[in-house]
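This report refers to the structure that appears directly beneath it.
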Amino acid sequence: MIKLSGSNSRLLRKLEQDLAVAQREHQHLRAHCLRARRAGLLARLGQQDSARSELTSLHQVAFASPNARLSAWLCWAESQVAYYTQYDMGAVGWLVRAEEQGRAAECLEVRVEALAFLAHLAFADHRPEDAADAIQRCLALGAPEHGPALARLHMVVGQAWHLARGVDQGYETAQPWYTRARSFAAACGDDALISALMYNSATLRVACVREAELAEGRSEAPVPLAAVDSVSHFDQAMGVAGLRELTPLARAQMLVSAGRFAEAMVLMPHNLDDTQRLSLGRLSPALRADWAWCAVNLGDPTMARAQADQALLEIGPHCHADDRGCTHARVAQVYGQLGLSELAQAQCEKATSAWSEWRTLQARWRAALAPHSLPDAQ
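Mapping to UniProt numbering: the sequence shown position 73 is 73, numbers consecutive.
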């Protein structure tokens, strides 16, 4: 028996109830599959130790009595642990195996779950065509009883439209998909998905504000801090811990956009540590550039120069085009404030190139999403 820390997740309670029935009725295979699903949900809720303990036990069961259906659910659960422990894109391999083995076992539910998460990871990795393929396949297979998977899929499509339309139309285009995602999640009790939806929509709104400022030189109204604070309040109420490391990062970006530099500075060192620990190093350059911008506005030119220079050193092929655009543009601002006009101009040119690459990616997203302008009524 695994030891669970306090969680008010309705979906977890439902899984526990179904598991108790399966065990009472000696439905051993169903019970094992439900335990694998529970392990995946525990990983999403931030209870990685409990998830790993459950999976270790289940792998021993599968070794003694191999079964394709259980194997499919184990692959799916391993993907959840891999992703929610360190945001590891190696989860893709587990999901592909889960979908393939689910097909062999004629287990539609695990296939829909795997395809929804493949769409999620393709979005996170900026692979529009792969995301569109997974979206289409998931929608073709999904049915109303696949609530958690359909909630995730609709969230992903909403996020993709939010990103693809950008500053002016992103949030409005995404809204029908977000609304449908919340409806599916609420119906099945997937509180972790509701938390992710709140967090992701807030951070994308911040990204649009930053894009307007740093790519187009225009000022947008800052995203209210309540948008990200509400995620923390919801997570505390529901016992969801999966986003606890990421919420301060979103808060720091909001504070910088609002010009509240001293408050943002307090969060910077901790946020940098978290990005490295969670394998999110691609975010470090933009975070350091923001740190430099805070420092120069707070009268610390030495710190500003050091962080700006380090931000540029940390840019690598793992950094997405929008992150590079933000970094170069922000460093250009810092160098300009420090009187380093030639260096500032060079960074402006690199920012322009990165934003051009970003516009190309947005166009690819719009083309890939064209068949899915509005969610189907279900």
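Note that beta-carbon positions come from the ideal geometry of N, C-alpha and C, so glycine has one too.
Contact under 9 Å by Cβ, residue i with residue j
{"i": "Leu-118", "j": "Leu-141", "result": "no"}
{"i": "Trp-291", "j": "Ala-329", "result": "no"}
{"i": "His-146", "j": "Arg-180", "result": "no"}
{"i": "Glu-16", "j": "Arg-44", "result": "no"}
{"i": "Ala-114", "j": "Gly-102", "result": "yes"}
{"i": "Leu-361", "j": "Pro-128", "result": "yes"}
{"i": "Ala-202", "j": "Ile-194", "result": "no"}
{"i": "Glu-357", "j": "Gly-316", "result": "no"}
{"i": "Val-331", "j": "Ala-311", "result": "yes"}
{"i": "Leu-272", "j": "Arg-260", "result": "no"}
{"i": "Leu-298", "j": "Met-268", "result": "no"}
{"i": "Arg-210", "j": "Gln-253", "result": "yes"}
{"i": "Ala-64", "j": "Leu-108", "result": "no"}
{"i": "Ala-22", "j": "Ser-71", "result": "no"}
{"i": "Glu-213", "j": "Ser-257", "result": "yes"}
{"i": "Ala-262", "j": "Cys-294", "result": "yes"}
Cut-off 7 Å between Cβ atoms - residues of its own chain near residue i, not counting five sequence neighbours on either side
{"i": "Ala-82", "result": "Asp-88, Gly-90, Ala-91, Trp-94"}
{"i": "Asp-376", "result": "none"}
{"i": "Ala-122", "result": "Asp-130, Ala-131, Ala-134"}
{"i": "Asn-67", "result": "Leu-29"}
{"i": "Arg-111", "result": "Glu-99, Gly-102, Arg-103, Leu-141"}
{"i": "Ala-321", "result": "Ala-354, Glu-357, Trp-358, Leu-361"}
{"i": "Arg-31", "result": "Sequence check: residue 31 is Ala here, not Arg. Excluding positions up to five away in sequence, the list reads Leu-19, Ala-22, Gln-23."}
{"i": "His-270", "result": "Pro-248"}
{"i": "Arg-69", "result": "Leu-29, Cys-33, Ala-105, Cys-107"}
{"i": "Glu-25", "result": "none"}
{"i": "Thr-302", "result": "none"}
Length of the line joining the Cα atoms of residue i and residue j
{"i": "Ala-207", "j": "Ala-62", "result": "44 Å"}
{"i": "Ala-51", "j": "Tyr-178", "result": "28 Å"}
{"i": "Asp-309", "j": "Asp-300", "result": "14 Å"}
{"i": "Ser-79", "j": "Gly-40", "result": "8 Å"}
{"i": "Leu-283", "j": "Ser-183", "result": "31 Å"}
{"i": "Thr-85", "j": "Thr-247", "result": "16 Å"}
{"i": "Asp-191", "j": "Ala-151", "result": "11 Å"}
{"i": "Leu-19", "j": "Cys-138", "result": "26 Å"}
{"i": "Ala-196", "j": "Gly-281", "result": "20 Å"}
{"i": "Gln-307", "j": "Tyr-199", "result": "27 Å"}
{"i": "Gln-60", "j": "Lys-14", "result": "25 Å"}
{"i": "Arg-364", "j": "Ser-57", "result": "43 Å"}
{"i": "His-126", "j": "Ser-353", "result": "18 Å"}
{"i": "Leu-340", "j": "Ala-346", "result": "10 Å"}
{"i": "Gln-136", "j": "Gln-27", "result": "34 Å"}
{"i": "Gln-169", "j": "Trp-161", "result": "9 Å"}
{"i": "Arg-97", "j": "Ala-124", "result": "20 Å"}
Expected contact under 8 Å - CB spacing of residue i and residue j to nearest Å
{"i": "Cys-188", "j": "Leu-11", "result": "6 Å"}
{"i": "Leu-338", "j": "Ala-304", "result": "7 Å"}
{"i": "Cys-319", "j": "Pro-285", "result": "6 Å"}
{"i": "His-120", "j": "Val-156", "result": "5 Å"}
{"i": "residue 385", "j": "Tyr-171", "result": "Since the first residue shown for the chain is 1 and the last is 378, residue 385 is missing from the structure and cannot be characterised."}
Sequence-distant residues of the same chain with beta carbon closer than 6 Å to residue i, five excluded per side
{"i": "Arg-165", "result": "Thr-173"}
{"i": "Leu-343", "result": "Tyr-335"}
{"i": "Cys-348", "result": "Ala-332"}
{"i": "Gln-48", "result": "Thr-85"}
{"i": "Arg-366", "result": "Ala-164"}
{"i": "Leu-374", "result": "Pro-176"}
{"i": "Pro-148", "result": "Cys-188, Asp-190"}
{"i": "Leu-42", "result": "Ser-50, Ala-51"}
Neighbourhood of residue i by C-beta distance below 8 Å, restricted to the same chain and skipping five residues each side
{"i": "Glu-216", "result": "Val-167"}
{"i": "Leu-55", "result": "Ala-36, Ala-39, Leu-74, Ala-77, Glu-78, Val-81"}
{"i": "Lys-350", "result": "Arg-324, His-328"}
{"i": "Leu-255", "result": "Leu-225, Phe-261, Glu-263, Ala-264, Leu-267"}
Check: residue i C-beta below 8 Å from any heavy atom of the ligand SAH
{"i": "Ala-82", "result": "The ligand SAH is not part of this structure, which contains no ligands at all."}
Please go through the segment 286 to 353 and give each complete alpha helix (DSSP H) segment of 4 or more residues, from N-terminal end onward.
You should have 301 to 313, 321 to 337.
In the segment 45 to 123, which residue ranges form an unbroken alpha helix (DSSP H) of at least 4 residues, counting only runs that do not cross its ends?
48 to 64, 68 to 86, 91 to 104
Which parts of the segment 140 to 188 are runs of the beta strand (DSSP E), unbroken and 3 residues or longer, counting only runs that do not cross its ends?
none
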